[in-house]
Amino acid sequence: SGAVTAVLDRLERAGYVQRVADPSDRRRVLAELTDRAREVGWELFGPLVELAGPVVERYSDQELQLLTELQRLSREIQERHAELLRARLEPA
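According to this note's numbering, the residues represented by the sequence shown are 710 to 801, in order.
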């Protein structure tokens with residue numbers, strides 16, 4: 710859509726993505742992160758990854774799956790609650 714194109718244009722001008730042809734479909738264009746984007750991403754989120762590593766290692770794969778499912782369900786509940794609150798605020 711036009712909105713996605715505009716966002717990609719801005720990211721490309723800033724040096725964070727580059728457009729590349731899709732090798733399996735010439736009609737499509739893919740957006741790839743640049744090295745600059747990876748560096749900025751690691752600068753921002755690398756410390757979080759390093760802090761989270763030892764915490765995540767405490768749990769088994771099965772426990773992590775359960776925690777992930779709980780987080781997903783919690784998000785759904787919060788989204789439904791937000792919808793109810795918005796509906797209450799809308800004029801009748």
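C-beta: ideal position from N, C-alpha, C; glycine also.
Whole-Å CB distance - residue i paired with residue j, under 8 Å assumed
i, j, result
"T743", "Y725", "6 Å"
"R728", "A740", "6 Å"
"Y768", "L776", "7 Å"
C-alpha gap between residue i and residue j, whole angstroms
i, j, result
"P732", "R797", "50 Å"
"E766", "R736", "43 Å"
"F754", "R745", "14 Å"
"P763", "L757", "11 Å"
"E752", "Q780", "26 Å"
"L794", "E788", "10 Å"
"S710", "A730", "18 Å"
"H790", "E799", "15 Å"
Residue closest to residue i, alpha-carbon to alpha-carbon, out of the options
i, options, result
"V738", "S783, D718, V765 and L773", "D718"
"V749", "L720, E785, I786 and S710", "L720"
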